[in-house]
Every structure is written in C-alpha cells, then in structure tokens.
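Here the structure is laid out as structure tokens; the discussion comes afterwards.
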Amino acid sequence: MRVKRNKNHRRILRFFRLTFGVQEPYHVLVDGTFLTHALQQRIYVKEQLPKMLEGRTTPMVTNCVLEELRSLGDRALGAAIIAKGYYRLKCGHEDPIVASKCIAQQIGQQNERRLLVATQDPELLQTLRDVPGVPLIRLHGPVPQLEEPSKTSQKRKASLETQKVRAAEWEKPKLPKLKAKEIQAKALAEQPKKVRKKKGANPLSCKKSKKSKPGAGVPTPAPEANPKRRVRSRRMRAQENPEPSEAA
Ligand SMILES: [Zn+2]
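Below you can see the structure in the form of structure tokens.
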C-alpha cells in the first residue's frame, strides 16, 4: 500500500512540477484544521510532510492562522504552540482575518509563489481547487495524502499544451523557408569543396609526373647497357655548350 501511495504522490508531484514549476524546497501553507487534526492523530507534521513529498519541506503559517488558533483558547493550545514554531509567511493583515480567507489570498488567482496547502477545511479545499497549480494535502486519519490535481489544474495543463502545439503550427509556414536556407547553405558549403577537388587534381597530376621521373630513373641501367648514348649526350652537351666545359 505504502509503495503504491508513494508512486501516486510522485506522479502528482511530477504533474505540478512540470506544469506549474512547484518544486523543492516545498513551501506548505498549513492551517489550523490540519494542525489540530495532526495533533489528534499524534502526527509530527514537520517529519511527515517531507517523508510524503520526498524532499525538503518548510511548513508555514500566516499570522492570521496563528491568531485564529490562539483565539480558540485551550481547545487549540497545542496546535497554536506548534504553529508558533513554524516559518511565518507575511500576509500583510495587520488586523487578522479569517484564516481560510487569508490562505486563499496568499494563493491568489495563479499561486505565483508555488505554495502547497495542507488543510482539513472542505470549503477552503473547494476554493483552492478552482485555482490552477495548487497541490493540496489532507490527512486521511493518520495518513497525509496528496490530492489528485483538480480539474482546473488539469484544464490549465491541457490549454498550455494546445498553446505549444499552436505555436508549432504557426511556425510551420516558416519551416520551408528555413529548410530552403539550410539547403542553400549546404550547397554553398559543398561548392568550394568541389573547386578544391578540381584544384587538388592538378598537384596530384604534378606529383604523378614527378613519380614518372624516378620511374624513368629506374631504367637507367638500360642506358648503362647502352653507354654510347650517354657518351653521345655528354658529347652533344659539350658540343652545344662549350663554355661550361671550359669552366669545368
Ligand atoms: Zn493574513
């Protein structure tokens, strides 16, 4: 059971991370209903939330949440003491308002601060389901559970995906032009190579001719066989250019 639950939680967290950027360290806004329920179930929230989310987690309260717990007196004394030890998210309400309204205000229309909310308040849960991208945590008995993404969150994801597709479609007419440019660039890149090949052919032919010279040198023993030719040539040179012979 626990393994299956963890898998579900991972899947849900992945959804919120990829679609809405909710990621570690998780900032969980906790309300009084959650804290009192956790106390009744003898759950140590600071320990259980990071276990459930499998990551660094900061439970938070607002001043309004704390004040509401204090106003309940002895009934919520334990919860108030716990809440006092949590990180205090500044809500800006100098005169405390109803905690659920304060939390809804912190989340706003888009949950820009990417908060998670832990509450047992069904009305607050319903309100927050209408805001896209708010991971909701509830206690089922002693077990903290991450709620499936709300319809609003799923719709937002779908609309984001269609936007991406539309963007791609809008870009499509530009693609042929880009491809044509790429082809042109390739052709340009290949053309000088061809020229180089042509140029390369000439030095090769020159090399071949150089090779042919030593090849001609190989049959030099042949002239040895006919020393007369050599003699003739030397004589001819001597005859033709008498000056170098005199210098020698
Ligand atoms: Zn407040």
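For the sequence shown, the positions run 1 to 248 when full-length UniProt numbering is used.
Note that CB positions come from ideal geometry on N, CA and C, so glycine has one too.
query                                                                                                    : result
Residue environment, proline 122, which counts as buried when at least 16 other CB atoms sit within 10 Å : exposed
Stretch-stretch touch, CB-based, cutoff 8 Å, three pairs: the region 62-81 with the region 44-51         : no
Presumed contact (8 Å Cβ cut-off) between phenylalanine 34 and alanine 104, rounded CB distance          : Not a contact, Cβ separation roughly 15 Å.
The region 86-105 / the region 19-34 touching (three or more Cβ pairs under 8 Å)                         : yes
Min CB distance arginine 10 to chain D below 8 Å                                                         : Absence of chain D from the displayed structure is noted, only one protein chain being present.
Nearest to lysine 90 (by Cα), restricted to the options Lys4, Thr62 and Leu77                            : Thr62
Residues whose Cβ lies closer than 5 Å to any heavy atom of ligand 1, in chain order                     : Thr62, Cys64, Cys91, His93 and Cys102
Whole-angstrom C-beta distance between valine 22 and leucine 124, which should lie under 8 Å             : No, leucine 124 and valine 22 are not in contact; Cβ-Cβ is about 18 Å, not under 8 Å.
Which of helix, strand or coil DSSP assigns to histidine 140                                             : strand
Assigned exposure category for alanine 79 - 16 Cβ within 10 Å defines buried                             : buried
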